[in-house]
Amino acid sequence: MAMSFLACRNTFVKHCFHRKLTTALWRSFAKWKPTSSRNYNIAACMPEAAAFLGVGDHAGLYNYSVNEGDRFWGALARQRLSWITPFHTVQDCKLSEGKIRWFEGGQLNASVNCLDRHIHTCPERVALIWEKDEPGTEARVTYRQLLELTCRLGNVLKRQGVRKGDRVTIYMPPCPLTVAAMLACARIGAVHSVVFAGFSSEALADRIRDAQSKLVITSNQALRGGRTIELKKTVDQAVKDCPSVTRVLVAMRTDNQVQMTDKDIPLEEEMMKEDVTCDPVAMESEDMLFLLYTSGSTGKPKGLVHTHAGYLLYTSLTHRYVFNYHDGDVFGCVADIGWITGHSYAVYGPLCNGGTTVLFESTPLYPDPGRYWETVERLRINQFYGAPTAIRLLLKYGDQWVKKYDRSSLKTLGSVGEPINSEAWEWYSRVVGEGKCPLVDTWWQTETGGICIAPRPSDPDAEIIPAMVMRPFFGIQPALMDEKGNRLSASDVSGALCIAQPWPGMARTIYNDHKRYIETYFQPYPGHFFTGDGAYRSKEGYYQIIGRLDDVLNVSGHRLGTAEIEEVVNQHHVVAESAVVGYPHEIKGEGAYAFIVLKDGVDDPEELIEKQLRDTVSLKIAKYAAPDYIQVVKRLPKTRSGKIMRRVLRKIVEGKGSQLGDLSTMDDQTAVQEIIDGHKHLRGAPR
Ligand code: 6R9
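The sequence shown begins at 9 in this note's numbering and counts up by one.
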C-alpha cells in the first residue's frame, strides 16, 4: 500500500489543480445567496449552546467544539442520550496508539435510545415507512410497533442461545424486520454485522467466518427492481463453510416457500410465540454495537467496529444538523441498509432523534425513472439523501420524470458516497430542488461513523458552493498533509486528508485486527487519523474532496479494493498475473479495468476467458465488482524490483497514454506501447 500511495501522491498535485479550476468556474456563477447573519440566536438551534461561554454564531460554536471538546461533547451526550448510568469521563483517546474511548463509566442501550424513550412521548408516531419494491406500496410502522417487533425478535435470539457479545450476521433487504433485527441485537447486547444482500455466497461466508457469527438472519427471497433474488439459497451455500453458525432465522419477504434445512427457523412464526417485552441489557459506552465490513487496499475486507454511545450521539447529531431535521419531518435516505449510510441515516441517526425514516427497497429506475420523485410526492419526503451515481443516471432520462411529481415537501437535498460532478450537482439542485433547497454534499466514511464535512450546519443562509463539501462538522478538525508528512497550514492547498482530533463517531478498531487499524489509519501521519482521501482547501477555508489516494475503487459509491478483484482473477487457471485499476465511468463514477497476462500455452478464445472472469468475480464478490474491461497483455509494466506500476496503467485507462511521466524505474518499456495500443482497440470496439 505504501508504495502505491506514494506513487499516487506524485500525480496528486496536477489532479488537484484541475479540480480547483472546476471550482473557480462554478463559483463565478453559482453561489448560494451569501448573507451575513452574525449573532443570530444559536441557542434556538442548539439549546446546549446557551451554556457555552462566548458562543454567538456558527463559527463560535465550531471553535468551541474543537477547542473545548470535553465540554461540548459532554453536554451533548448528557442531554441527548438516555443513560442507565451517567459517564464520568468524556474521552480518553490517544490517536497515536489507536486508543479511542468516549463517555467512560456510562451505561446505556442503543435500542432504548432509538425506541423506548420515544414510546413515552409519541408511541403512535411513525418510525419507519417501508417503501416496498412493488411500486406504489408502502407500509408504516409506529414506534410502538417497532419496539414490539424488536422485543419479540430479541426474545427469539435469546431463546436460540445468543448472548451479550455474540455476533449475528444479517443478510436482508431494507425492511422493518431488518431494522428490528439490528435493534434486537443491540437490545440483548449482541453485535450485528449486516452484509449487503447483493454480496455473493463466498463474500458472505468470508464475513461470517471473520465475525465468527453464531446466527444468521435472512429472508426467503428479496425483491429488487421487480426481480426476485434467492437470498436464502445464497445463505445455504455460505453457511456450509461456516461452522460457527448454529441457526438461520428465515423471514418471509415473498409468499414463495423455500427449502428449509435443520438449521433453519421460520422467523415470524417464532416471533409470534414470544413476549412483547424484552429487558434491554445495560451496555458500557464502549461495548460493540456493530461490525460493518468495507474494502481496503488488501484483498481482505475490514470489519470496522462501532460502539454504543459515541456512534449514536454522532449519527443523531449529524442527522439533526446537517439536514436540518425537525420533529415531524419525513427523512428519505435511499441507501441500502447494508452500507454505512443505511446504518447511520436510515436507522440509527433518525430513530435516535425520534424521526420518521424511509426504508427504500427498490431502485431508481423501477418501474420507470420517476420512482424517486413519485415516492417523494406520495410519502411527502422532506429530506432526500441519495448517491451521485443515481443522479447522473436519472439526469440522462430528462427533467420530465422529475417534474411530473410534486416535490414541494422537499426542504434539504443530500449527496453521499463519491464526488458529485458539477453537472449532476446543478441538475439535482435546479431540477429536483427547484433551486429552493440547500443541497449538501456530505463527505464521510464507514470509518468515521457519520458525516464529517458538509456545507451545513452553518450560519443560516451561508453560501453553498456546488460540488464542494465545504465545512467540517462540530468537533471535526481536518488537516491536509504534504508528501513529506508535514501539515499544510495555508489555504488554497491540496494534500492528504487527515482528521487531527478524535470524535465520538469514529470506528474503534478493525475486528480481530487492531494492528491493521493502527497501521492503516494512524501510522501514515502520526497523531492524526488518515482518511485515505485527498482534498483541496480553498482560500475561504472550504474543503473539496479529490478522491482516494490508495488502491480502493469507488464503483457507484461502493468501495472495492483492486486487490480483492485481482485475487479472484488470479485464481482462474489461465491467468498468470493481473492488475486492476479504476477508470472514469460516466454513470458509475468509476469502473474496474483489468489487465491480465495469460499463462504460457493458453489458447482459449479471449471472449470466453473474459466471460468466465466476469462471472467468477460476480460469483465470488458481487455483480458490481465485475470488470467492465478485461485486456489481455503480454506483460505488465513493472519496476526493476518487480512492482506493478499501476500509476502507468491508470494513465493509460484515463486515455492519457502520452503523459506517462517518469518511466526511468521501469524494467521493460516496450511493454507500454503494446498496452496503449491494446487499450485503444478495446475502448474503440463496440460493447
Ligand atoms: C459514506 C460512505 C467512503 C469513501 C470516502 C471517499 C468517498 C464518500 C464522498 C466521497 C467525495 C463525497 N466519498 N462521500 N467522495 N465526496 N461527498 O460512502 O462510506 O462506503 O466507507 O466510502 O467514499 O473516497 O473515503 P464508504
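Heads up, the beta-carbon is just placed ideally off N, CA and C, and yes, glycines get one too.
{"Item": "Separation of residue 439 from residue 29, as counted between CA atoms", "Value": "Unreliable positioning characterises residue 29 in this predicted model, as indicated by a pLDDT of 37, which lies under 50. The coordinate reading is nonetheless provided below. Taking the straight line from one Cα to the other gives about 25 Å."}
{"Item": "Beta carbon shell of the ligand 6R9 at less than 7 Å from a heavy atom", "Value": "302, 347, 348, 349, 423, 424, 425, 426, 427, 428, 449, 450, 451, 452, 453, 454, 455, 477, 539, 540, 541, 553, 555, 556, 562, 565, 566 and 567"}
{"Item": "Beta-carbon gap between residue 677 and residue 671 smaller than 7 Å", "Value": "yes"}
{"Item": "Three-state secondary structure (DSSP) of residue 8", "Value": "Here the chain comprises residues numbered 9 to 695, so residue 8 is not present and cannot be evaluated."}
{"Item": "Whole-angstrom distance between residue 460 and residue 288, CA atom to CA atom", "Value": "31 Å"}
{"Item": "Residues that residue 227 bridges to, as DSSP identifies them", "Value": "259"}
{"Item": "Euclidean distance between Cα positions of residue 450 and residue 581", "Value": "43 Å"}
{"Item": "Distance between residue 204 and residue 567 (C-alpha atoms, nearest Å)", "Value": "12 Å"}
{"Item": "Cα-Cα separation between residue 266 and residue 490, rounded to whole angstroms", "Value": "56 Å"}
{"Item": "Length of the line joining the Cα atoms of residue 696 and residue 182", "Value": "Nothing in the structure corresponds to residue 696, since the chain is present only between 9 and 695."}
{"Item": "When 136, 400 and 348 are compared against residue 339, the one with the closest alpha-carbon", "Value": "136"}
{"Item": "Three-state class that DSSP yields for residue 587 in the structure shown", "Value": "strand"}
{"Item": "Collapsed DSSP secondary structure at residue 190 in the structure displayed", "Value": "helix"}
{"Item": "Where residue 628 falls: helix, strand or coil (DSSP)", "Value": "helix"}
{"Item": "The alpha helix (DSSP H) enclosing residue 272, as first and last residue numbers", "Value": "Not the alpha helix (DSSP H): residue 272 falls in the beta strand (DSSP E), residues 272-274."}
{"Item": "Beta-carbon spacing of residue 586, residue 602 below 7 Å", "Value": "yes"}
{"Item": "The segment 289-301 contacting the segment 420-435, beta-carbon criterion three pairs below 8 Å", "Value": "no"}
{"Item": "Ranges of the beta strand (DSSP E) found wholly within the segment 462-516, counting only runs of at least 3", "Value": "486-489 and 501-507"}
{"Item": "CB-CB length for residue 280 against residue 225, believed under 8 Å", "Value": "16 Å between Cβ atoms; not a contact."}
{"Item": "C-beta contact flag for residue 410 and residue 139 at 7 Å", "Value": "no"}
{"Item": "DSSP bridge partner residues for residue 352 (one or two, in chain order)", "Value": "DSSP, once it has assigned bridges, lists no residue as partnering residue 352."}
{"Item": "Closest Cα partner of residue 151 within the set 640, 127, 159 and 163", "Value": "127"}
{"Item": "Reference residue 325; option with closest CA among 215, 113 and 512", "Value": "512"}
{"Item": "Beta bridge counterpart(s) of residue 391 as assigned by DSSP", "Value": "339 and 420"}
{"Item": "Where residue 668 sits in the DSSP three-state scheme", "Value": "coil"}
{"Item": "Exposure of residue 36, with buried meaning 16 or more beta-carbon neighbours within 10 Å", "Value": "Caution is warranted here: a pLDDT of 39 is assigned to residue 36, below 50, making its placement in the model unreliable, and the coordinate value is therefore given only provisionally. Under this definition residue 36 is an exposed residue."}
{"Item": "Unbroken stretches of the alpha helix (DSSP H), 4 residues or longer, contained in the segment 135-179", "Value": "151-167"}
{"Item": "Outcome for residue 499 when other beta-carbon atoms lying within 10 angstroms are tallied against a minimum of 16", "Value": "exposed"}
{"Item": "Pair within 7 Å by beta-carbon distance, residue 301 and residue 458", "Value": "no"}
{"Item": "Simplified DSSP assignment, three categories, for residue 333", "Value": "coil"}
{"Item": "Spatial neighbours of residue 562 in its chain, beta-carbon cut-off 7 Å, leaving aside the 5 residues before and after", "Value": "426, 556, 597 and 598"}
{"Item": "Rounded separation between residue 206 and residue 72 - CA only", "Value": "43 Å"}
{"Item": "Residue 430 - containing alpha helix (DSSP H), residue span", "Value": "430-435"}
{"Item": "Stretch-stretch touch, CB-based, cutoff 8 Å, three pairs: the segment 207-222 with the segment 353-364", "Value": "no"}
{"Item": "Residue 82 beta carbon less than 7 Å from that of residue 98", "Value": "yes"}
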